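Here numbering that gives the first Met the number 0 is used: the first residue of the sequence shown is 0, the next is one more, and so on. Virtual Cβ for every residue (Gly too), placed ideally from N, Cα, C. As the structure is a prediction and not an experimental result, all values here were calculated from the model.
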Amino acid sequence: MSTPSLLIAGAGGAVGKHLVEQCRTNNNHSLRLLTRSKKKMEARFSAHSSTDHTIVEADVLRPQTLAGVCQGVDTVISTIGASLDIRAIKDRNSFHTVDLQGNINLLKEAQESGVRKFVYLSAFGAASMNTAYTNAHEEFVRHLKASGLEYGVVRPTGFFYVNCEFLEMARKGTAWLVGNGKASTNPIHEEDVAKACTEAALGQGNREMNIGGPETFTRQEIAELAFQTLGKTPRIFHSPFAITKVMKPLVSVFNPRIGDLVEFLGYVATHECVAPTYGQKRLGDYFLAAARA
């Protein structure tokens, strides 16, 4: 019997790179990496033996390039999503285009190729948030559940790397928070998110996992931790939530994705977002490593 193949879509991303490391150690699966740039992926994993994985180049936004990428694949893990970098002004791909339609294109290819299971990385609380970002995620979840494939859905709280924005603000001496900073969350390390995706992929049956890190902070406390990491006195200012409602249409004229991201970040900054503890890694350690990098 041939070894089942595992396809990681979004292998070069913040979670995807940890997925690759974890899945390479699993000898029960062969590993296939889906990327838009084979050259960049080969450079990233040049230290690994080429026998550890196969790299396939395709773009989920161009369905014709996906033909055959899932042939012989048992399980797909998709971490594909539009950028969460608010500074990436040139990237105009919307959450609807990437997170929803791009994943639908990959799901269709998986169905046609006889894939057994599809695991998708969504967002914690997405089912109850009415934002473009979360609506795209959960609309895809509905497509996935109706696909007939065995499925897994992993819904993490905020990634550690997104919270590094507070470090950048602290370096400049001033941090801005939307709202009063009292809303709580338990952000999670990308490596722990990857572990949950792997668990959902290798386990039996359908599975939905809501996950967060081991520590709960208010938004104010996360900002203060960033200043503390850099040995600086906190200078934190607050903007009313209403400012995001004003900014979204203005920013969307130039870049709809960033407008939608402003809406989402404003929402999560002012609402409780605490999931069951899954990860073990701590935000303070992450900030310290990032500050030294």
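Fill in: Nearest-angstrom Cα separation, counted from Val245 out to Leu5
44 Å
Discussion item. For a test of the three-state rule: what should DSSP assign to Asn185, helix, strand or coil?
Written reply: coil
Discussion item. Taking a contact to mean a Cβ-Cβ separation below 7 Å, would you say Arg154 touches Asn102 in this structure?
Written reply: no
Worksheet entry | As assigned by DSSP and simplified to three states, the class of Glu111 | helix
Worksheet item: Along the chain, which unbroken stretches of the alpha helix (DSSP H) at least 4 residues long are found entirely within the stretch 210-259?
Response: 218-228, 241-251
Discussion item. Is the separation between the beta-carbon of His142 and that of Asp98 shorter than 7 Å?
Written reply: no
Worksheet item: Out of curiosity, what's the CA-to-CA distance linking Arg86 and Ile187?
Response: 22 Å
Worksheet item: Using CA coordinates, which residue listed in Ala66, Leu30, Gly124, Leu120 is at the minimum distance from Gln110?
Response: Ala66
Worksheet item: Should Arg256 go down as buried or exposed, given a rule of 16 or more other Cβ atoms within 10 Å for buried?
Response: buried
Discussion item. Within a Cβ cutoff of 7 Å, which residues of the same chain sit near Cys69, ignoring the five residues on either side of it in sequence?
Written reply: Leu6, Val75, Glu108, Ala109, Ser112, Val114
Worksheet item: Where Val152 and Ala125 are concerned, what is the direct C-alpha to C-alpha distance, given to the nearest angstrom?
Response: 12 Å
Worksheet item: Around the Cβ of Asp191, are there at least 16 other Cβ atoms within 10 angstroms (buried) or fewer (exposed)?
Response: buried
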